[in-house]
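Okay, so the sequence shown: first residue is 1452 according to the working numbering, each after it adds one. The structure under discussion appears below in the form of structure tokens.
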Amino acid sequence: MNTPVTGPNGIGRRGAIKALAGVLSTGMLAACNGMGRPLSDAEKLTLNQSVEGKVYWLGDEAYEVARGSTCYRANKPKRYPQVIVQPLSDKDVVAAVKFAKAHGLKVTTRSGGHSWSASHIRDHCVLIDMARMQEISIDPEAQTLWVNPGMIGSVINRHLEPHGLVIPTAHHPSPGIGGFCLNGGFGWNSRLWGNGAHHVLAVDVVNADGELLRADATQNSDFWWAARGGGAGFFGVIVRMHLQARPRPKYWKATVYSFDDAAAVFDDVMTWACNIVPHVPPYLELVMSTTANTRETGAPCPARISIAALAITDDEAQADAALALLDSVPHREKANFKVEKVPTTLEERYQSGFKADPAGMRFAADNMYTDAPADVLVPRLRKVFLELPTPHTHTFWFAWGPCKPFPKDMALSMQGPIFLGTYTLWEDEAQDTLMAAWPPMQMKELSDLSLGGQLNDENMLHHPQRYYTDEAWAKYEALRQKHDPQGRFEGFLGKPMPL
């Protein structure tokens, strides 16, 4: 189940050649150590010979394909690691970290590469791409599994299905489970089961000295705490995760109302949605989104709005009762598209997520939580929901509340009753600067209503905001200094707390 070098997450030959030409024009032909001195062939050979997997040095012919394949979005960041290591074993990861330590280089890690910010792609670092480590071991009786972090969440759930089990994963089929859980893990039925991070029972991690440790609630627990929601600031390389699975629910049922003229109904349906949040049961996912392409063909159109609810439960009557909340949606009789209490499947939900964020597009994103009342919030949301800059751009509203306190044994700590995210999608490279700026600009305009942001769709490089509570952030900073005093691991791309 190795991730191919080219494919949905990669770049084609022509794109790689074009990107490599850009690298050559900057004069970055030779991989260097942390002081900027070019590494000798003998020095590079020490890493090549100690790694069973693949090693791609800056300047190698295949380097740009390897770099591009670590990023889902087509607008690859113009940041260039000194070397990319694709390990096949824990031993390979240990060797990569020890090489970085010996040569004064920083370390970053990639699991699925779906991160919109691509914080793992950094200059002057050793990038450890975990995509080639694809082992999974399931204990059906204990309802647990061990898995490498680079395994894709939707693939894990295909392995679990014969056992009647499931884990919360991203709503999109392509993110790796490591990045998903490390960034909190807001996925299927998380309001009922808890986030993906909550399901991490243990991790095997390589620390800043290249030592392989097991971390859980009873041993090396600093690493376990930070692995549960710590994001790109994590001070180690996770090579294996022990996860709690759940019995697969019997019923997945959905209701959807879509209105072609979003502007005409927006105020009423958004006010309704904000006011109903306290009444949404934990096994119901309630979402509103706008986009500017037609459902049938994808052709450009004025902004349309969809209200969707997914009930995930073992009791069909309970699912139908939860979906009955949508009977009170304003103007639902005018909906241009309507499905009510229709059975669906996890695979169909993954495909819906892929359709919203297809491979091959250019992406940027930002988000926030808010608890602002409807009369204050709704008028302020009209721009970000209705004035979409491209046909496939979409803005997303999610009922996360009523909020339950996060456990103290996780770095994950920021939440709010309403989640808002906006995502620009485009194809023309000439639009990169404008489209990349649009999401953080919208969220900054709403910052007076924001409680903070969610790491899964963060943009802290261009929009610093609160991603942790003050208590959790103070603990995190202390642990990073304790376990990585030399700053071996690159850390966050941007500021994870307000300036």
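For each residue, glycine too, the CB sits at the ideal point set by N, CA and C. Owing to the predicted nature of the structure, the values given are computational and were not obtained by experimental measurement.
Does the beta-carbon of residue i have 16 or more other beta-carbons within 10 angstroms, so that it is buried, or is it exposed?
i, result
"His1571", "buried"
"Leu1950", "exposed"
"Asp1908", "buried"
"Gly1942", "buried"
"Val1558", "buried"
"Thr1764", "buried"
"Leu1944", "buried"
"Leu1930", "buried"
"Lys1420", "As shown, the chain starts at 1452 and ends at 1950. That puts residue 1420 outside it, with no answer to give."
"Asp1492", "exposed"
Measuring only the C-alpha atoms, how far is residue i from residue j?
i, j, result
"Leu1498", "Leu1490", "11 Å"
"Ala1954", "Ala1678", "The shown model of the chain, from 1452 to 1950, leaves out residue 1954, and the question about it has no answer."
"Val1502", "Cys1522", "23 Å"
"Met1948", "Gly1938", "19 Å"
"Ile1607", "Phe1674", "24 Å"
"Asp1899", "Ser1864", "20 Å"
"Ile1628", "Met1812", "22 Å"
"Ala1517", "Ile1535", "7 Å"
"Thr1745", "Phe1814", "19 Å"
"Val1657", "Val1835", "42 Å"
"Val1793", "Thr1706", "7 Å"
"Met1602", "Thr1595", "16 Å"
"Ile1589", "His1610", "9 Å"
"Ala1467", "Glu1512", "Low confidence applies here, because Ala1467 scores a pLDDT of 48, under 50, leaving its location unreliable; read the following figure in that light. The alpha-carbon atoms of Ala1467 and Glu1512 are separated by roughly 10 Å."
"Gln1533", "Leu1897", "38 Å"
"Pro1732", "Ala1807", "25 Å"
Are the CB atoms of residue j and residue i within a distance shorter than 9 Å?
i, j, result
"Asp1935", "Phe1686", "yes"
"Gly1680", "Gly1636", "yes"
"Gly2013", "Ala1621", "Outside the displayed span of the chain (1452 to 1950) sits residue 2013, for which this structure offers no information."
"Leu1871", "Met1894", "yes"
"Trp1567", "His1693", "no"
"Ser1540", "Gly1510", "no"
"Gln1802", "Pro1600", "no"
"Gly1555", "Ala1582", "no"
"Gly1630", "His1565", "yes"
"Leu1737", "Ala1759", "yes"
"Glu1880", "Asn1640", "no"
"Leu1643", "Tyr1734", "yes"
"Ser1901", "Lys1789", "no"
What does DSSP give as the partner residues of residue i in its beta bridges?
i, result
"Pro1751", "Asn1744"
"Met1739", "Ile1758, Trp1848"
"Met1692", "Val1598, Val1654"
"Gln1537", "Lys1505"
"Ala1815", "Thr1875"
"Cys1576", "Lys1557"
"Asp1590", "Thr1595"
"Tyr1708", "Ile1758, Lys1789"
"Ile1763", "Trp1703"
For a cutoff of 9 Å on Cβ pairs, would you count residue i as touching chain D?
i, result
"Asp1580", "Looking for chain D here will not work: only one protein chain is present."
(request) Could you say if the stretch 1844-1859 and the stretch 1780-1795 meet the contact criterion of at least three C-beta pairs nearer than 8 Å? (result) Too few Cβ pairs lie closer than 8 Å, so no.
(request) Evaluate the contact criterion for the stretch 1763-1772 versus the stretch 1718-1730: three or more CB pairs, one atom per stretch, below 8 Å. (result) As far as the Cβ criterion goes, the stretch 1763-1772 does not touch the stretch 1718-1730, which means the pair count is below three.
(message) I want to know whether the stretch 1606-1624 touches the stretch 1714-1725 - three or more CB-CB distances under 8 Å.
(response) no
(request) Count the C-beta pairs between the stretch 1661-1670 and the stretch 1872-1886 that are closer than 8 Å, then say yes if the count reaches three, no if not. (result) no
(message) Assess contact between the stretch 1922-1932 and the stretch 1825-1835, defined as three or more Cβ pairs (one per stretch) separated by less than 8 Å. Is contact present?
(response) No, the stretch 1922-1932 is not in contact with the stretch 1825-1835.
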